[in-house]
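Visitor:
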Amino acid sequence: MEKFSRLPRHVSIIMDGNGRWARQRSLPRFKGHYEGVESIREVVEECCVLGIRYLSLFAFSEENWNRPEDEVSRLMNLMSVAMLKEEENFVKNGIRFVVIGNRERLPDKLNETIDSVMDKTREGKTLTLIVMLSYSGKWDLLQAARRAAVLHPDGNFTEEELSSLLVTAGIPDPDLLIRTSGEMRISNYMLWQIAYTEMVIVDTLWPDFRKDNFRLALREYEKRDRRFGKVK
0 MEKFSRLPRH VSIIMDGNGR WARQRSLPRF KGHYEGVESI REVVEECCVL GIRYLSLFAF
60 SEENWNRPED EVSRLMNLMS VAMLKEEENF VKNGIRFVVI GNRERLPDKL NETIDSVMDK
120 TREGKTLTLI VMLSYSGKWD LLQAARRAAV LHPDGNFTEE ELSSLLVTAG IPDPDLLIRT
180 SGEMRISNYM LWQIAYTEMV IVDTLWPDFR KDNFRLALRE YEKRDRRFGK VK
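For the sequence shown, position 53 matches number 52 in numbering that gives the first Met the number 0, and the numbering has no gaps at all.
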């Protein structure tokens with residue numbers, strides 16, 4: 000296996016294209032979501048092999064609640080089933096599972112599953128797998144600003160203090176953001192956290208995204224000169 004000279008500590012992925020994948024095959028949209036689970040499994044395995052410490056996945060946005068009720072219901076059920084199915088594998092491979100987002104909007108049954116899997120995997124040290132569920136960057140910033148206003152009514156707080164109030168507190172900002180399906184936008188995702196994240200846009204639809212695609216994105220990241228606004 001050819002080695003990388005530099006790997007990101009935290010990779011984040013906007014998993015886009017499930018619906019289009021299904022439409023191209025004259026299948027119901029939810030079939031694309033089901034196939035996308037296999038892509039998640041392959042990327043998680045590759046992160047463990049390569050030693051990447053954090054992988055975050057944009058699974059369901061606040062805006063996605065506006066999708067057809069049947070599709071949303073199937074998605075919620077799929078997430079619950081997938082989490083339970085992978086629980087033993089997470090524990091076996093030292094994967095810490097975390098869900099971040101506006102969980103008040105999630106079904107009770109799904110929240111129970113999330114709490115159970117998170118608790119059973121909390122000691123994982125190989126990889127922290129973060130699923131962004133019912134999440135949006137604007138919602139995250141708004142809830143952080145409201146908490147900051149209570150803690151600092153004079154408005155005198157630092158960037159570091161605001162960052163500590165985001166729902167991603169304790170998780171390093173992404174080094175690399177991959178978006179599948181070729182769309183050139185960030186879709187209201189981690190607006191604060193990706194200020195200096197390297198972005199790689201790939202045309203592949205998420206259900207077709209596999210280990211080779213992931214490695215190609217990592218190779219592109221390897222070429223980047225990260226200056227963080229400084230002159231080198």
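The C-beta atom is built at its ideal place from N, Cα and C for all residues, glycine as well.
Please read all numbers here as calculations on a predicted model, not as lab measurements.
1) Look up residue 200 in the DSSP assignment and give the residues it is bridged to.
2) Look at residue 100 and residue 74 and say whether their C-beta atoms are less than 7 Å apart.
3) Output the distance between the C-alpha atoms of residue 213 and residue 42, rounded to the nearest integer angstrom.
4) Would you tell me roughly how many angstroms separate the C-alpha atoms of residue 173 and residue 196, rounded to the nearest one?
5) Taking C-alpha atoms, which residue in 222, 79, 120 and 65 lies nearest to residue 91?
6) Excluding the 5 residues preceding and the 5 following residue 189 in the sequence, name in chain order all residues of the same chain whose CB lies nearer than 6 Å to its CB.
7) How many angstroms separate the CA atom of residue 204 from the CA atom of residue 130?
8) What three-state label does DSSP hand residue 48 in the structure shown?
9) Quick one: measure Cβ to Cβ for residue 64 and residue 104, integer angstroms, because I've assumed they're closer than 8 Å.
10) How many angstroms separate the CA atom of residue 158 from the CA atom of residue 23?
11) Short check: CB of residue 128 to CB of residue 96, under 7 Å?
12) When the cut-off is 7 Å and only beta carbons count, does residue 169 lie next to chain D?
13) Given 6 Å as the limit, tell me if residue 16 has its C-beta closer than that to any heavy atom belonging to the ligand MG.
14) Can you grab the Cα-Cα spacing for the pair residue 227 / residue 27, in whole Å?
15) Among 79, 47 and 93, which residue has its Cα nearest to the Cα of residue 114?
16) Nearest by alpha-carbon distance to residue 38: which of 206, 220 and 44 is it?
17) Using only the alpha-carbon positions, how far apart do residue 147 and residue 160 sit?
18) Measure the CB-CB distance between residue 56 and residue 82 and report whether it falls below 7 Å.
Guide: According to the structure data:
1) According to DSSP, which records beta bridges pairwise, residue 200 is partnered with 178.
2) If you check the CB distance, residue 100 and residue 74 do not come in under 7 Å.
3) Taking the straight line from one Cα to the other gives about 7 Å.
4) Approximately 6 Å, taken between the alpha carbons.
5) It is 120.
6) Taking residue 189 as the centre and dropping the five residues before and after it, the same chain places the C-beta of 136 closer than 6 Å to its C-beta, in chain order.
7) Distance between the alpha carbons of residue 204 and residue 130 is about 19 Å.
8) In the three-state DSSP reduction, residue 48 falls in the helix class (H, G or I).
9) Contact between residue 64 and residue 104 holds, with the beta-carbon distance rounding to 7 Å and staying under 8 Å.
10) If I take the Cα positions, the gap works out to 45 Å.
11) Yes.
12) Here chain D cannot be found, since the structure has a single protein chain.
13) No copy of the ligand MG occurs in the structure displayed, which carries no ligand at all.
14) Within the model, the alpha-carbon separation for residue 227 versus residue 27 is close to 43 Å.
15) Checked all of 79, 47 and 93; the closest Cα to residue 114 is 79.
16) Out of 206, 220 and 44, 206 has the C-alpha closest to the C-alpha of residue 38.
17) The straight-line gap from Cα to Cα measures roughly 8 Å.
18) No, these two residues do not count as a Cβ contact at 7 Å.
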